[in-house]
Amino acid sequence: MSGHSDIVLVDEKGIRIDGRTAEEHRHVKIEAGVLKNADGSAYVEIGKNKVLAAVYGPRECHPRHLQNPTKAIVQCKYNMEAYSVGDRKRPGNDRRSIEISKITAEALENVILTGLFPRASIDVYIEILQANAGTRCAGLTAASVALADAGIPMRDIIPAMAAGKADGHVLLDLNKEEDNYGQADVPLAIVPSTDEIVLLQMDGNMTREEFDRAIEMAIGGCKELYALQKAALKRQYTVDGEEDDSDEQ
Amino acid sequence: MDNNNARNTREVVVPGDKLDGSNLKPGENTYVLDGVVRASILGVKMVRQNTISVIPLGGRYMPATGDTVIGMVNDIGSSNWMVDIDAPYPAPLHVSEVPWKVAFGDTSKYLNVGDVVMLKILMVDESNKISVTMKDSGLRKLEGGRLVKISHTKVSRVIGKSGSMIQMIKNITDCRIFIGQNGTIWIDGEGLNADVATEAIKMIDEETVRSNLTERVKKFLEKEIPQDEEAEENKEGDE
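Dropping the structure here:
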């Protein structure tokens, strides 16, 4: 976040180094139900980010002292693979992964109907296979698709996308270079049905006007992502349609 | 059945989707936001008697009163057994709910860890505590045989229309089969036949989305187990 560099991130025509305009997000690919052994799973690619999310539960919560007699708890583990970044990442928990696990779990808790499963735990595992800025958003996006795939009752699906400032321009969905050499990064997650904000962070500096513009852009990006999340979930069940001979006992 | 018309308009919904249903009451797996009924789970939309609800397409089995389930004993107490029924909660089976007279501390003489039992859900209270019983006709300890686990949402497909699917599998493979509402199925039969029955059930679990499932399972079974003419005849008659 130096803010001082010779790198041109946005050219005179307003085109970014990867050919996008300021309001364009990276290419998104979402696939639900990719893992057989988890209760629910999703694979998400956002540009060069590759993220796998798996969900288990609701299941009995262990250790017992974490149980909440009124609702289910949401436990999240965000992990970056050693090979996910250019230089080898030292495996295991660090301050950053603990922070992201916490904010992801708290964002998800807002939409999961935890009251239906007292004393239970819902476990979310997010693995970053390849990172290129914006992995917390990609991770949360994948996790909410995986939760829906696991058949967990929830109010809505959460899309997450970042906006930021680089080279003096407000941009949607920063990539690695824009994040590293830019001035600010604002990850945002919303509940589309109510427009609630369930995750908002800011790293860097922006004026109030720039911030408002970034939020507006990120919300727009989230809504586009939301449609893709829904489509991915529905795609699994539309092979050739009609059911014929089902019956309740 | 009365849900036939729902099948015709089979629509997959995801959490948060608006369920367009003016004047319809919100049913299971739905919630209301600003007067609009929305889905709270990934499933199929269904309208029945002024109520709009969503039938889940996956997820964990949640015990409901009256369900018959198959579970495995995973812990023994001095007056109860803990039974794993693939639900988010354990199911304690109390000594007063078994068909035997069990003295205090003698629980392990009757059921041991790893034993498989067929149970009925007596009650599920507000905090999702389960109580189960083994005191009802047909409920018992299952000895021998094998277990197959499928998604609990596929149980109705394995049973088929008024039991047609399961009856066909039983007839062709000559196996004894019990189905638990929790998606655990117990199969007992001779070597190859039990293998084939297991395969057939797994096939139903994997291929429910496709149509003509009964036909395809029948073809599979007949390919694996050649039937003599007479048996064929009888089976056709039953259906």
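So the sequence lines, in the order shown, correspond to chains V and C. Mapping the first sequence onto our numbering, position 85 (from 1) lands on 85, and the numbers just tick up by one. To get our numbering, take the position in the second sequence, counting from 1, and add 1000. The beta carbon of each residue, even a glycine, is placed where N, CA and C say it ideally should be.
Asked                                                                                                                           : Found
Three-state class that DSSP yields for C/N1005 in the structure shown                                                           : Below a pLDDT of 50, predicted positions are generally treated as unreliable, and C/N1005, at 44, falls in that range; no measurement from the model is reported.
Alpha-carbon spacing of C/P1015 relative to V/K234, whole angstroms                                                             : 11 Å
Near-chain C residues of the segment 203-223 of chain V (beta-carbon distance less than 9 Å), N- to C-terminal order            : none
Sequence ranges, alpha helix (DSSP H) only - wholly within the segment 97-162 of chain V, length at least 4                     : 135-149
Inter-residue CB distance, V/A22 and V/L171 (contact presumed, cutoff 8 Å)                                                      : 5 Å
Where C/R1146 falls: helix, strand or coil (DSSP)                                                                               : strand
Contact the segment 203-215 of chain V vs the segment 108-127 of chain V: 3+ CB pairs below 8 Å                                 : no
Delimiting residues of the alpha helix (DSSP H) encompassing C/T1198                                                            : 1191-1207
Reduced DSSP category for C/M1168 - H, G, I as helix; E, B as strand; rest coil                                                 : helix
Validate contact between the segment 175-182 of chain V and the segment 141-152 of chain V using beta carbons, cut 8 Å, 3 pairs : no
Contact under 9 Å by Cβ, C/R1038 with C/K1025                                                                                   : no
Unbroken alpha helix (DSSP H) run spanning C/C1175, endpoints                                                                   : Looking at the DSSP string, C/C1175 is not in any alpha helix (DSSP H), and its letter there is neither H nor E.
At least three beta-carbon pairs within less than 8 Å, the segment 67-81 of chain V to the segment 126-136 of chain V           : yes
CB of V/P159 within 9 Å of CB of V/I122, strictly                                                                               : no
Per-residue contacts from V/R96 into chain C (C-beta, under 9 Å)                                                                : In chain order: nothing, as chain C lies at least about 29 Å away.
Test: C/T1198 CB closer than 9 Å to a CB of chain V                                                                             : no
Distance between V/P192 and V/Y226 (C-alpha atoms, nearest Å)                                                                   : 8 Å
First and last residue of the uninterrupted beta strand (DSSP E) at V/Y237                                                      : V/Y237 -> no beta strand (DSSP E), and no H or E assigned at all.
Buried or exposed by the 16-neighbour rule on C-beta atoms within 10 Å, applied to V/Q249                                       : Its pLDDT being 35, under 50, V/Q249 is placed unreliably by the model, and nothing is read from it.
Inter-residue Cα distance where the pair is C/G1144 and C/H1094                                                                 : 24 Å
Simplified DSSP assignment, three categories, for V/K230                                                                        : helix
Proximal chain C residues relative to V/P63, where beta-carbon distance stays under 9 Å                                         : Under the 9 Å cutoff, chain C gives no residues; its nearest Cβ is about 15 Å from V/P63.
Proximity test, Cβ basis, 9 Å: C/S1053 and chain V                                                                              : no
Simplified DSSP assignment, three categories, for C/H1152                                                                       : helix
Contact list for C/I1041 against chain V, beta-carbon separation under 7 Å                                                      : G151, P153
Proximal residues of chain C, C-beta to C-beta of V/E60 below 7 Å                                                               : P1088, Y1089, P1090
Test: C/T1038 CB closer than 9 Å to a CB of chain V                                                                             : Contrary to the premise, residue 1038 of chain C reads as Arg rather than Thr in this sequence. Output row for C/R1038: interface = yes.
Contact list for the segment 1054-1070 of chain C against chain V, Cβ threshold 7 Å                                             : P1056, L1057, G1058, G1059, R1060
Residue-chain proximity (V/A38, chain C), Cβ-Cβ < 9 Å                                                                           : no
For C/D1075, three-class secondary structure by DSSP                                                                            : strand
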